[in-house]
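Have a look at the structure below, then the notes.
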Amino acid sequence: MSEPEPAILGVDRASPATAAAAPRPRPRPAARTVTAAGFGRRLGAAMIDLAIIVPVAIALIALAAAIADIHPPPSRVRGLDFWLDLLLVSDPAMMTGIVIAVAVGALYAYVFQATLGQTIGMRVLGLRVIDVYGERPSLPRIGLRVVGYLLGVMTLSLGYLWIAFDAEKRGLHDWIAGTYVIRV
93 MSEPEPAILG VDRASPATAA AAPRPRPRPA ARTVTAAGFG RRLGAAMIDL
143 AIIVPVAIAL IALAAAIADI HPPPSRVRGL DFWLDLLLVS DPAMMTGIVI
193 AVAVGALYAY VFQATLGQTI GMRVLGLRVI DVYGERPSLP RIGLRVVGYL
243 LGVMTLSLGY LWIAFDAEKR GLHDWIAGTY VIRV
């Protein structure tokens, strides 16, 4: 007696009736090749983004200082040592300025990546953020990515420098969020 052929994809070849009734698997779209964006291109996009973020942050900090009636010291006292002293003693005005600047940057990154999948700098240089499945990242992933940006700064920017040496061209924020930056 001959043995039936083995089942393939859960369909018994020995039974034509079963084969006709079984659902056929959907054809997968052809896998597309993506190219990870390198350190230089990502740095360029970050510089463009900073050229947008910094003036907005400075304007908001100046507005907050005017509302709070805080005035900078005379120019003869405004050396680097003065600003470092304010930072080291956690001066409330200085901390407020830092919080405003960080909030502007985080909001900028979150809103643009959530709506367009890229910031303005990324768009100019032809980059886009994707998740590990090749899709636009979910809102929680983008939130994790923004948290990763902050952690990257806290590591004295080593989280960003990591991109230059990582085989997948991913920084700390990419690893935390499960994202990639690709060329489009």
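For the record, in the sequence shown the residue sitting at position 136 is 228 according to my numbering, with numbers rising by one throughout. For glycine and all other residues, C-beta sits at the position ideal for the given N, C-alpha and C.
For the options I140, G189, V181, A138, the alpha carbon positioned closest to that of A158 is the one of G189. Between the alpha carbons of A193 and D266 lies a distance of about 22 Å.
Proximity to K261 across V273, Q210, L176 peaks at V273, based on C-alpha coordinates. When V148, L231, G218 are compared, the shortest CA-CA separation from A269 is found for L231. Judged by DSSP secondary structure, R133 falls within the alpha helix (DSSP H) whose first and last residues are 131–159. When secondary structure is reduced to three states using DSSP, V273 falls in the strand class. DSSP, reduced to helix, strand and coil, places I190 within a helical segment of the structure shown. By the Cβ rule, the segment 200–208 does not count as touching the segment 128–135, because fewer than three pairs are nearer than 8 Å.
Looking at the backbone, the Cα of R124 and that of S249 are separated by about 32 Å. Taken atom to atom, the span from the alpha-carbon of G263 to that of Q205 is near 16 Å. A check of alpha carbon separations from R134 across M246, R220, A259 identifies R220 as the nearest.
The DSSP assignment places complete beta strand (DSSP E) segments of no fewer than 3 residues inside the segment 217–248 at 219–223, in order along the chain. The three-state reading of DSSP puts T211 in coil, since its state is none of H, G, I, E or B. Residue environment analysis places A143 among the exposed positions, since fewer than 16 neighbouring C-beta atoms fall within 10 angstroms of its C-beta.
Rounded to the nearest whole angstrom, the C-alpha separation of V238 and G171 is 32 Å.
In summary, M246 is exposed, with fewer than 16 beta-carbon neighbours lying within 10 Å of its beta-carbon over all protein chains present. Bounds of any alpha helix (DSSP H) do not take in A259, whose DSSP letter is neither H nor E.
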